[in-house]
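Asker: Please read through the structure below; I'll follow up with questions.
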Amino acid sequence: MKKVVSIKLSDSEQVSQYLENLVHPLKDLILAVRNEILTSHTDLNERIKWNAPSYYFQEDILTFNHRQQKFVQIVIHHPSIIEIDSKILIGDYKDRRLVHFENQEMLEQNKAEFKQVINQIICKIQGF
-17 MKKVVSIKLS
-7 DSEQVSQYLE
3 NLVHPLKDLI
13 LAVRNEILTS
23 HTDLNERIKW
33 NAPSYYFQED
43 ILTFNHRQQK
53 FVQIVIHHPS
63 IIEIDSKILI
73 GDYKDRRLVH
83 FENQEMLEQN
93 KAEFKQVINQ
103 IICKIQGF
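Written out as structure tokens, the structure reads:
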């Protein structure tokens, strides 16, 4: 009898596999947003948490809400988000803000601002 060796995927590989299997009308846009998130800061990590791709640096920062079908929604849930002022942040919740991308053009127009928000949170985590 052959011994079956199970190889555990890395967190990033799990996210890739999750997204590969995802059925969503805006899947290409989700993949583009993922790329912008991953290239926003070299210390940012990804994993599947809350049954969705989630991103962290020492602490949880943001998560995809792929249940929306008409736009890509990102939930930024790090506590410092309430201190950040940005035109792309939606909502005045006490503990989170949302970001919506309806199409590739909207992502292109706002990706620098999106990355800046992510980097501001990482700077706050680092104590800057």
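Read left to right, the sequence shown gives residues -17 to 110 (our numbering). Just so it is clear, CB atoms sit at the ideal spot from N, CA and C, and this is done for glycine as well.
1) Going by C-alpha to C-alpha distance, which of H23, N27, A94 and F39 sits closest to S(-8)?
2) Report the CB separation of I100 from S62 in whole angstroms; it is logged as a contact under 8 Å.
3) Considering only the beta carbon of each residue, do S36 and R29 sit closer than 8 Å?
4) Quick one: Cα of F39 to Cα of D77, how far?
5) What are the partner residues of F53, as DSSP defines its beta bridges?
6) Considering only the beta carbon of each residue, do E58 and F46 sit closer than 8 Å?
Answerer: Per the coordinate set shown:
1) N27
2) About 11 Å; that fails the 8 Å criterion.
3) yes
4) Roughly 18 Å between the two C-alpha positions.
5) Beta-bridge pairing links F53 to no other residue.
6) The question names Glu, yet the displayed sequence has Ile at residue 58. Cβ atoms of I58 and F46: not closer than 8 Å.
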